[in-house]
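The working numbering puts the sequence shown at residues 4 to 136. Report on one structure; see the data block that follows.
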Amino acid sequence: MVHLLGVTLPEHKPLKIALTAFYGIGHYRSSRIMASLSIHQTATVGSLTEAQKTALSQILSTFVLENDLRRQTQRHIMHYKTIGSYIGKRHAMGYPVHGQRTQTNAKTARKLNRLDRRQLSTITLQGKYQKYI
Numbered sequence: 004m005v006h007l008l009g010v011t012l013p014e015h016k017p018l019k020i021a022l023t024a025f026y027g028i029g030h031y032r033s034s035r036i037m038a039s040l041s042i043h044q045t046a047t048v049g050s051l052t053e054a055q056k057t058a059l060s061q062i063l064s065t066f067v068l069e070n071d072l073r074r075q076t077q078r079h080i081m082h083y084k085t086i087g088s089y090i091g092k093r094h095a096m097g098y099p100v101h102g103q104r105t106q107t108n109a110k111t112a113r114k115l116n117r118l119d120r121r122q123l124s125t126i127t128l129q130g131k132y133q134k135y136i
């Protein structure tokens, strides 16, 4: 197991696939990182040298990844909500934001992403449901 920037990468996996374990790195960006380091596409995590690991961690530290990227995304969504834009209203209602259909395709998403489901841990039950807590 190789630890890079707080993420554990299994040694037997190809590096191109293992880099996608970072939140914010997909297949395209992982292949671009490997090309910039001159690492072959079929190289595994265990076959990396120490110099390659340090160079990889230096390149990864230049990107906004993991919790920083999650916080940045949440800040952008909250900004849209506070200024009252169309995108913010769609986020607040749990509807699709990028122009997708809402009559048929988004019914499952609206059901699963309801406000009461997303914040279930903060709701306290009262009355007859109190005994189930």
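A virtual CB, placed ideally from N, CA and C, is assigned to each residue, including glycine.
Under the three-state reduction of DSSP, H6 is assigned to strand. A distance below 8 Å between beta-carbons, with the five flanking residues on each side excluded, links L51 to the following residues of its chain, in chain order: V5, L18, I42, L59.
Rounded to the nearest whole angstrom, the C-alpha separation of N70 and Y26 is 8 Å.
Each of V10, G91, F66 was checked against the Cα of Y83, and the nearest Cα belongs to G91. Counting only the Cα atoms, T57 lies some 43 Å from Q103.
Around the beta-carbon of V48, 16 or more other beta-carbon atoms lie within 10 Å, marking it buried. When DSSP reads this structure, L12 sits in a beta bridge with V5.
Taking L40 as the centre and dropping the five residues before and after it, the same chain places the C-beta of Q55, A58, L59, I62 closer than 8 Å to its C-beta, in chain order. Under the rule that a run must span 4 or more residues, the alpha helix (DSSP H) segments found entirely inside the region 26-63 read 30-39. Taking each of K110, Y89, R73, M81 in turn and checking the Cα distance to V100, the smallest one comes out for Y89.
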